[in-house]
Each structure stands twice: as C-alpha cells, then as structure tokens.
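Numbering (the numbering used here), first residue to last: 6 to 116.
Positions of the beta carbon are idealized from the N, C-alpha and C atoms, including for glycine.
Note that the coordinates shown come from a computational prediction; the quantities given were computed from them, not determined experimentally.
Below is one structure, written out as structure tokens, with a few remarks after it.
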C-alpha cells in the first residue's frame, strides 16, 4: 500500500502475473498508483480469457517476467467487446503516465 503523502512506492509484494513492468524492473525509481491500473488491466485479461495472463508459459516465472518487461501484451479474449479491448490496452500501456486514472476507467466501463 502507498501512503497518500508519498510520490512513489518501492516495495514488491503480490502475484507477478499482475505486476506492472515498473515494479518488476526494480530500478529504484519506484512506482505510482498507475501500477494498480496495470494490474486491473491484467485482471480484465483474465476475465476475458478465463485463464491467467501469459498462461501459455505454464506459470514459469522467468519467462513471464521477460514477456512483461519486453512489452509482449497478453492475449485478450476473442469475444471481448472492442471498447473493453481498448480499455484493457490502455490500462496495459508501457508508460505509466499514459494509463487511464480510476475515473477514466469507471467512465469507460459505464459507456
């Protein structure tokens, strides 16, 4: 959890499939709430496929981490509506500053 008065967090706790690249890099730069938006995007991927993101790796941590860091996007379910696919892609943008905020996500889901 991040404190409200902090600009960036630096801890790494959680399940790697849903971790944002900026957390996995552990480059000392820390991360912001945008990492949570990435994780939300990964949860939405899981909901559209009914499988873990990058499930084709057989849960291999090193391979999955490399795929996330190398900008290889996870597969989104074929039957997912286009507007939801666009939302997922925006949540999974490599640059955290380009990801939507929570209000934008809520608005997109209400359209």
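Go to residue i, then tell me how far its alpha helix (DSSP H) extends in each direction, as first and last residue.
i, result
"residue 108", "107-115"
"residue 95", "87-96"
"residue 29", "26-30"
Cutting at 6 Å between CB atoms, please list the residues of its own chain near residue i, excluding the five before and the five after it.
i, result
"residue 54", "82"
"residue 23", "44, 47"
"residue 59", "69, 72, 79"
Can you say whether residue i is buried or exposed, counting buried as having 16 or more other CB atoms within 10 angstroms of its CB?
i, result
"residue 27", "buried"
"residue 92", "buried"
"residue 76", "exposed"
"residue 65", "exposed"
In chain order, what residues of the same chain have a beta carbon less than 7 Å from the beta carbon of residue i, not counting five sequence neighbours either side?
i, result
"residue 104", "39, 42, 43, 95, 96, 98"
To which residues of the same chain is residue i closer than 8 Å at the C-beta, ignoring the five residues directly before and after it?
i, result
"residue 110", "42, 45, 92, 96"
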